[in-house]
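Residue numbers (our numbering): 7 to 614.
One structure is given below, encoded as C-alpha cells.
See below:
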C-alpha cells in the first residue's frame, strides 16, 4: 500500500507537534513529584477529563471493538462490560469524591491512608505497588502488540531487520519506533506534558471519528448489509444462547471465532459480567492513569466532574467510527477477509478498512488520530506507574530525605525501565483478545475482593488486604500459565473466592490495629457501608459528625448512569444501521437519564 504525500505530511506534522509541545511543557514537570505526577493539582478538571477520555481511546481496544462488532453485531455492545466499562459510572457518582478527599499522590499511598503504618499496612502497601507495576507492564505489552499489528497493515514500509541472530519483524519495528517517540515526551514532561498532548490528541481523534462515520454512512447500503449478516445480528438483546449462526453467510468461519471466544452461552456470560462488574466497580479504579487523574484534580467535586466528562465525550464519536469501520468491512471487504482462510484475524479488520476506504487527507488524519490514541493511552500508563516505584518504594523505604531533583530524575529512570520491560513482554505477547481477557477478567479478578472490602467494612485490616491481593495474584497467575484453555470470565468466580479467602484469613489473624487511623479515614472519606462500631465511636466524641447516608441515592444514580452510558454506545450504531425507531427510543432514554443525573447527582455536588 502507498500513502499520498498529503497523508504522510499530516502524520509527520502531528508527531512533530506532539513532541514539541511535550518538551515545551517539561519545565513545569521538573519542580517536584507532585508537579511531575499530578501537575501540582492545578490542572482544570475539564482538561483532565479530556485527557482521561484520550487515554481510554486506545488503538488496541478500538481494533478489538471493531472485531467484536463485526462478529457479534449489536450484542457486542455488552462485551466491554468485561472490563467493565461502566466502572466510570461508579467513579463519577461517588468513588472519585471519596478518593480525592485523601489528598495523596498514588493508590499505594492511599492504602497507607486507609490502614495506617503497621506491619499489615506496610505489606498491603507493597502488594498494591506490585499489582500496579504488573498491570502497567501488561498494558504496555498489550499496546505494543496492538500498534505493531495496526502499523504493518496501514504503513507501506518494511522495517524488519535482524540483529545478533534475532529477527525483528516489521510489526515489532514499528512498535519500537512509536513507543520510543511517545516515551520521549512522556518521560521528559510528566503529567503536564501528558495532559496537554492528550487534549490535542483527543481533538484529532474526534475529527477523524466523525470523518470515518460520514464516509461509512454514505458508502454502505443497509440492504446489502442485511443480506450478509446472520439473523439476530441487529438485535441488542439475547437469550441464554447467543443465537448467531454465520454458516449461511459469506463468512462461515466466523462461527469458529465465536467458539474460540467461548461466548456462545451469552446468558451465563452476561450474569458473570454483571456480577464481576458490580464488584470490580465498587472496588474502585485500579492503580493506573485513571486514579492518577482523580488525585490530580483540585477538589473532590472536580474529581467527580472530571470522571463524568470522560464518558460524555468518549462514546458517541468513538462508536460512530467503530460501527463505520465494521459495516464497511462487512459489505465491501469480502474478498480480503475470505483470503485469510479458515481463521480470520479480526484485529486486522480496522487497518485494512482504513487502507481501502478512506480518501487522501482523511486517511492521514485517521492515521494521526490512531497514532494519537495509542500515544495518549501509552503515555498515560507510562506516567502513572513510576510514581509507585519512586514515591512508594524509594522515598518511603529507602531515602525519605531525597531531594525533589533526585526524585524526578529517578522517576524518569523508572519510567524508562518500565517501558523497556513492557516492550520485552510485548515481543512475547499473544493476541489482543487473549491479553484483554486476561487483564480484565483474571488479573483484575484477584483485585476485586480486597478493594471492595477496603471501602465498606470497618474490621478489614491491612493484613487482610495483603493476603487477599496475594491470593488473587497467585490465582490469576496460575490460571494464565496452567489453564489457558479456560475462558477468563468463567474462571472469575473461582479467583474471587480464592482472593476472598485470603481477605478473611488475613483480617482475623489479629485484632484490628490502627483503630485511630481507621476512624480518621472514616471521618475524612465518609464512605457508606458496614461502619457502625467506628461511626458510634466517632459520634460519641463528636456528636456533630454527619455520616454518609446516601447509599440509596448513589445506587439509583449508578443504575441511571449505566443506562445513560449504554445509550451513548448504541445510538451511533442504530444511526449507522438506519434503525431509526430504536435510535429515537435510545435518544429519549439518553435525554431522560441525563435529566435524572442532573437533578440527583450534579446538583448535589455543590453540597460537598
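Ideal Cβ placement from N, Cα and C applies to all residues, glycine included.
- Per DSSP, reduced to three states, the secondary structure at residue 139 is helical.
- If only uninterrupted alpha helix (DSSP H) runs of at least 4 residues are considered, those enclosed by the region 548-602 are 557-582.
- Excluding its 5 nearest sequence neighbours in each direction, residue 317 has C-beta neighbours in its own chain below 6 Å: 94, 571, listed in chain order.
- Taking C-beta atoms as the reference points, residue 550 and residue 115 fail to come closer than 8 Å.
- The shortest CA-to-CA distance from residue 261 to any of 243, 280, 278, 239 is the one to 239.
- Comparing C-alpha distances from residue 229 to each of 582, 320, 219, 144 shows the shortest one belongs to 582.
- In this model, residue 330 and residue 610 are separated by some 38 Å (Cα to Cα).
- Secondary structure at residue 204: helix, using DSSP grouped into helix, strand and coil.
- If you draw a 10 Å sphere on the C-beta of residue 246, you find fewer than 16 other C-beta atoms in it, and that means exposed.
- Residue 457 is not a Cβ neighbour of residue 122, given a cutoff of 8 Å.
- Inter-residue distance for residue 91 and residue 494 is about 17 Å (C-alpha atoms, whole angstroms).
- In summary, residue 163 is exposed, with fewer than 16 beta-carbon neighbours lying within 10 Å of its beta-carbon over all protein chains present.
- With the rule of 3 Cβ pairs closer than 8 Å, the region 123-141 counts as touching the region 460-469.
- Straight through space, the alpha carbons of residue 541 and residue 506 are spaced by roughly 25 Å.
- When secondary structure is reduced to three states using DSSP, residue 173 falls in the strand class.
- Annotation for residue 87: 279, 283 place their beta carbon closer than 6 Å to its own, counting only its chain and skipping 5 residues before and after.
- Here residue 332 has 72, 75, 76 as same chain residues with Cβ atoms under 6 Å from its own Cβ, once five neighbours each way along the sequence are excluded.
- The beta carbons of residue 143 and residue 424 sit closer together than 8 Å.
- The continuous alpha helix (DSSP H) containing residue 104 extends over residues 102-106.
- If you draw a straight line from the Cα of residue 490 to the Cα of residue 281, it comes to about 22 Å.
- Assignment of residue 537 by DSSP, reduced to helix, strand and coil, places it in the coil class.
- For residue 237, no alpha helix (DSSP H) encloses it, and the DSSP letter there is neither H nor E.
- The beta carbons of residue 210 and residue 374 sit closer together than 8 Å.
- Approximately 20 Å separates the beta-carbon atoms of residue 531 and residue 51; this is outside 8 Å, ruling out the contact.
- Inclusion of residue 322 and residue 523 in the CB contact set at 8 Å is not warranted, their separation being larger than that value.
- Annotation for residue 527: 120 place their beta carbon closer than 6 Å to its own, counting only its chain and skipping 5 residues before and after.
- Taking each of 370, 476, 350, 529 in turn and checking the Cα distance to residue 133, the smallest one comes out for 476.
- Nearest C-alpha to residue 607 among 98, 147, 357, 23: 98.
- Restricting attention to 396, 135, 614, 161, the CA atom closest to the CA of residue 377 is found in 161.
- When the alpha-carbon of residue 150 is set against those of 371, 299, 385, the nearest one is in 385.
- If you compare the alpha carbons of 220, 400, 301 with that of residue 363, the shortest gap goes to 220.
- Within the same chain, and ignoring the five residues on either side of residue 222 in sequence, the residues whose Cβ sits closer than 8 Å to its Cβ are 329, 330, 331, 333, 334, 363, 582.
- When rounded, the separation of the alpha-carbon atoms in residue 175 and residue 167 is 6 Å.
- No Cβ-Cβ contact shorter than 8 Å links residue 428 with residue 214.
- In this structure, residue 244 and residue 273 form a Cβ contact; the two beta carbons are roughly 7 Å apart against a cut-off of 8 Å.
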